[in-house]
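Those protein sequence lines, which keep their order, are chains A and B. For the first sequence, this note's numbering assigns the number 1 to the initial residue and increments by one for each residue that follows. For the second sequence, this note's numbering assigns the number 296 to the initial residue and increments by one for each residue that follows. Structure record follows, encoded as structure tokens.
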Amino acid sequence: MSTNFAFVSGKGGVGKTSIACAIALYHAEHGEYTLIVTTDPAPNLSDVFEQPIGHNITAINSVERLSAIEIDPDITAEEYRERYLAPLREILPPEMVAVVAEQLASPCTSEVASFDKFADFFEASGVDFIVFDTAPTGHTVRLLELPADWTRHIDRLTEGGHSCAGAVANIKESRAKYDRAVAALRNPEQTSFIFVVQPEATPIAETERTLSQLERVGVTAKELIINGIIPSEQCEVPFFRKRREMQDHYIEEIHRRIPLPSKSLYFFDEEVKGLEMIRKVGRTLNQNGQLSTSQ
Amino acid sequence: MDSLVRPNRKDGVVDIIKPGPKGDRMVFFAGKGGVGKTSTACATAVWLSRAGYRTLLLTTDPASHLSDVFEQPVTDKVRELGGLPGLFAARIDPKRAAEDYKQRILDDMKGKHSADVLAVVEEELDAPCTEEMATFDLFVSYASSTEYDVMVFDTAPTGHTLRLLQLPIEWSKQIQVKVYASVDSQQAGETTKAKFGQVIDRMRDVRRTTFSFIMYPEATPVVEAYRAARDIETLGISVGFVIANQVLPEEHCTNAYFKKRFAMQQKYLQEMKDRFGVPILQMPLLEHDVRGISTLIRIGDVLFGQPVSPHSRATSAPL
């Protein structure tokens, strides 16, 4: 049986991790061996599951079949960068290496580095379902698919007698790994993309843009979660009633501009901590339909 | 003062948005998309012009949104805004700036490299980072202007952008190094580099430039902003003040639900204070979008106090 994947996409602070945890918990409690992977720079999985987690896959004590890992985005980017720089250091002058090093430190390269890490999970065995609290962009996918790449680049440089055979082999291997991962991304039976958006002007525009870039590379989103809605029953003063009216206006705009099935998630009055809170998020997400499982 | 308004620690902040000892100032608002950079930059620019300073506002926001905010068009040509004497504004379209930039590099490379290489360069140039770079490129052309007392930017270069500009090879050629590792480093455009050098020096001078980070007082946004601030500090640029946006007004938090949420924000305001160690301004959550000059005036007053100037007679409306 192959592994299924879910990616939760949206900007920092919109509740991606809580939503990813809720999805993971649901799958684990419905009989699937599930792994949750976070790349948040301020990971809070330890708060959520009330046990230390960290950079290695850790079994969650209180939930059967659930494991978690917190990936440090800085370490990931650094490891990725080093893999490419090591062979270049032997064949390029230092000022050129400095240029490549900084290019590889760009936020855009960090995305590729995260994808590189994801790709390892795509090969995982013994796991039914993996949830990531971040997602590759269309740009990342396109970059990985281009015909000319580091492999060729390094092949050419090594013609002059420099020896980087090991590095070239490594990179060729990565290439095959990326191809398999990208194929899995494009398969909606295997992979779901879930977008979290707040009912406000700029987040709506950004989500629309990200979605169309993914569509151009053949990746379709599964659903949208509108997060941060103020519950009507809490709007006792005119101030919050007006704020809610503004949100309703943007919710309508989301439905008009983004034709995806959507679910609403309310603004919680406390931070998401402990299994009960996560189940509560899961229940809210489940109100308008089952969180799908492959079972 | 409106009861919505929570007291701000304005001490010192007003002094670092006004022109410094050299008679000028650049103010940058940094932060993630959608946290309120443009609204804050607009309100700051309006405040400065009301305080009597000749102010230029440079914004990257979509034209449609800007015309909602100012109730008049803001285009790529610098223009004095109606009803706001002394406030000049222009819009930079990051997408178009990136397109123009990309075209210039690709035209330069055509014929010199294979189709494969051009395809990779083109994709590399499609990165969001190119937009940031091209936008900054345009900023630099304004930054050498001496026509204004204060220039306010609603976006800021990241540490990465500034480091690329300091490398020995002009950044228009750097992409070729990454993709193909074949560029003559002698090609570095000395004039361009000198121009960037001047701008970066100016950004490091706290008497002439102020960086402000905007964030929501929540766990991940505070950490993300802090990381970005540390990155920019490695280049010798310091953060002047930070802004917490969408702070719940305490007087409206009358039930248990909002009281809890309010207490949670207070915890992260404290974390901002501990981490950044610079003055924090609090921007209250509004009951509606920022729209209209009267709202911008009101926000400016909340953030910086009433400006003292001949122009300050314009009345402000409640938020």
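Note that CB positions come from ideal geometry on N, CA and C, so glycine has one too.
- Neighbourhood of cysteine 337 of chain B by C-beta, 6 Å cutoff - its chain only, sequence neighbours within 5 removed: Val364 and Leu591
- Query: Measuring CA to CA, which of B/Val373, B/Leu382, B/Asp500 and B/Leu379 is closest to proline 316 of chain B?
  - Reply: B/Asp500
- Task: Please go through the same chain and pick out, in chain order, the residues whose beta-carbon is closer than 6 Å to the beta-carbon of aspartate 47 of chain A, but skip the five residues on each side of it.
- Result: Lys273
- Where does the unbroken beta strand (DSSP E) through glutamine 541 of chain B begin, and where does it stop? 534–542
- Counting pairs of beta carbons, one from the segment 352–367 of chain B and one from the segment 541–554 of chain B, are three or more of them closer than 8 Å? no
- Could you list which residues in chain B have their beta carbon closer than 9 Å to that of leucine 143 of chain A, in chain order? Val415, Glu418, Glu419, Asp421 and Ala422
- Message: Let me see if you follow: with CB-CB separation under 8 Å, is proline 136 of chain A close to chain B or not?
- Response: no
- Query: Where does valine 447 of chain B fall in DSSP's three states?
  - Reply: strand
- Query: So what does phenylalanine 268 of chain A bridge to, in DSSP terms?
  - Reply: DSSP lists no partner for phenylalanine 268 of chain A.
- Using the beta-carbon count (16 or more within 10 Å), is valine 603 of chain B buried or exposed? exposed
- Message: When you compare the CB of lysine 564 of chain B with every CB in chain A, is at least one pair closer than 8 Å?
- Response: The question names lysine, but residue 564 of chain B in the sequence shown is leucine. For leucine 564 of chain B, the answer is no, since every Cβ of chain A falls outside 8 Å of its Cβ.
- Message: In the DSSP assignment, the alpha helix (DSSP H) including threonine 202 of chain A goes from what residue to what residue?
- Response: 201–216
- Any heavy atom of the ligand COA within a distance shorter than 7 Å of the CB on proline 43 of chain A? By its list of ligands, the structure shown contains no ligand whatsoever, and the ligand COA lies outside what it can speak to.
- Query: Closer than 8 Å, CB to CB, is aspartate 596 of chain B near chain A or not?
  - Reply: no
- Touching or not, the segment 411–425 of chain B and the segment 122–136 of chain A, by the rule of three or more beta carbon pairs under 8 Å? no
- Are the Cβ atoms of alanine 68 of chain A and phenylalanine 49 of chain A separated by less than 8 Å? yes
- Task: Determine the direct distance from the alpha carbon of threonine 207 of chain A to that of proline 357 of chain B, and round the result to whole angstroms.
- Result: 15 Å
- Item | Proximity test, Cβ basis, 8 Å: asparagine 550 of chain B and chain A | yes
- Task: Provide the residue(s) that pair with lysine 263 of chain A in DSSP beta bridges, ordered along the chain.
- Result: A/Ile225
- Message: Quick check on the DSSP output: the beta strand (DSSP E) that includes glutamate 566 of chain B runs from which residue to which?
- Response: No beta strand (DSSP E) contains glutamate 566 of chain B, which is instead part of the alpha helix (DSSP H) from 551–571.
- Validate contact between the segment 1–16 of chain A and the segment 202–216 of chain A using beta carbons, cut 8 Å, 3 pairs: yes
- Looking at the C-beta of glycine 10 of chain A, does it have a partner C-beta in chain B at a distance below 8 Å? no
- Taking Cβ to Cβ, would you say glycine 326 of chain B is nearer than 8 Å to glutamate 200 of chain A? no
- Message: On the criterion of 16 or more Cβ atoms from any shown chain inside 10 Å, does aspartate 371 of chain B qualify as buried, or is it exposed?
- Response: exposed
- Item | Residues of the segment 486–513 of chain B with Cβ closer than 9 Å to any Cβ of chain A, in chain order | Met510, Tyr511 and Glu513
- Between phenylalanine 5 of chain A and threonine 140 of chain A, is the Cβ-Cβ spacing less than 8 Å? no
- Message: In whole angstroms, give me the CA-to-CA distance for asparagine 187 of chain A and valine 219 of chain A.
- Response: 8 Å
- Task: Assuming alanine 309 of chain B contacts leucine 576 of chain B (C-beta within less than 8 Å), just tell me the rounded distance between them.
- Result: Checking the sequence, you will find valine at residue 309 of chain B rather than alanine. Not confirmed; about 10 Å, so no contact.
- So is threonine 355 of chain B in contact with chain A if we call contact Cβ pairs under 8 Å? no
- Message: Against glutamate 236 of chain A, what residues of chain B qualify as contacts under a CB-to-CB distance less than 8 Å, listed in chain order?
- Response: Thr549 and Asn550
- Name the chain D residues whose beta carbon is nearer than 7 Å to that of serine 106 of chain A? In the displayed structure, chain D is absent; the protein chains listed are A and B.
- Query: Ordered along the chain, which non-local residues of its own chain (more than five positions away) have a Cβ less than 6 Å from that of valine 112 of chain A?
  - Reply: Thr140
- Could you give the DSSP three-state label for proline 602 of chain B: helix, strand or coil? coil
- Task: Mind listing, in chain order, the continuous alpha helix (DSSP H) runs of no fewer than 4 residues lying wholly within the segment 372–449 of chain B?
- Result: 389–404, 410–420 and 423–438
- Item | CB contact check: aspartate 269 of chain A to chain B, cutoff 8 Å | yes
- Exposed or buried, lysine 16 of chain A, counting other C-beta atoms within 10 Å across all chains shown (16 or more means buried)? buried
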